[in-house]
Structures are given as structure tokens and as C-alpha cells.
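Down below is the structure, laid out as C-alpha cells.
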Amino acid sequence: MTAVQPTFKSDELAKEHGEREFERWLAPFLHEFGYPSQRKWAPLYMRGLLGPGDRKSIEPMAARVCPGETLQLHYFVSTSRPFAGTRLGTSACSSRRRGRS
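Structural data, given as C-alpha cells:
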């Protein structure tokens with residue numbers, strides 16, 4: 001007779017919780033992007049920067065977070081300037097952070 005091993009979903013729950021926390025953290029920054037396509041690519045770019053992997057250039061990050069979409073991720077990075085001409089410290093993101101403290 002074989003013993004039945006219990007299935008634990010703690011890894012899945014932790015991943016879901018981490019994803020919700022990431023989305024909550026990223027939300028104020030996404031409002032700074034003017035176009036829906038930029039709001040689509042920003043989370044992927046941030047996942048590439050924050051996630052595992054030694055190389056943080058576009059090609060290796062794209063291979064990890066959005067395989068086959070290297071050009072689109074590169075275009076996002078080269079054309080998105082949500083904070084150009086402003087000080088990040090005076091942006092809505094920083095204002096929101098100050099409001100919580």
C-alpha cells in the first residue's frame with residue numbers, strides 16, 4: 001500500500017501573494033505612462049529587473065519574462081520616459097508615499 005502525500009499549495013499561495021504585492025507597488029508608477037501599451041510593458045520590464053538572472057540587459061530579460069518579444073521590450077525602454085522633465089520626488093508616486101507616512 002502506498003502512502004498518499006499531502007499536496008501543499010504554499011508555494012502557489014506565496015507566488016499569488018507576491019504577484020498581488022508587486023501589482024499594488026507598481027500601480028502608482030503605471031499611472032505615469034501615457035499609453036496603454038506602455039502600461040502593458042512596464043510590469044514586464046520591472047519583472048525582468050527585479051527577477052532572477054545575472055544579465056539585466058533587454059535581450060536576456062526578454063527571454064525570461066516575455067520570450068519572443070525582445071523588440072517590443074526594447075522599444076518600450078527606448079521610448080518610454082514617464083518622468084522626463086520632472087523630479088521623481090515630486091511625482092504622484094512620491095506624493096502618495098508621503099501621504100501614507
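Under the numbering used here, the first residue of the sequence shown carries the number 1, and numbering increases by one thereafter. All C-beta atoms in this analysis are idealised placements derived from N, C-alpha and C, irrespective of residue type, glycine included.
DSSP places residue 74 in the uninterrupted alpha helix (DSSP H) bounded by 70-79. DSSP, reduced to helix, strand and coil, places residue 64 within a helical segment of the structure shown. Between the stretch 65-72 and the stretch 41-51, the count of C-beta pairs closer than 8 angstroms reaches three or more; the two stretches touch. In the displayed model, residue 37 falls within a helix according to three-state DSSP. For residue 72, the CB contacts under 7 angstroms within the same chain, skipping 5 residues up- and downstream, are 41 in chain order. Residue 82 is positioned such that its CB atom lies closer than 9 angstroms to that of residue 29.
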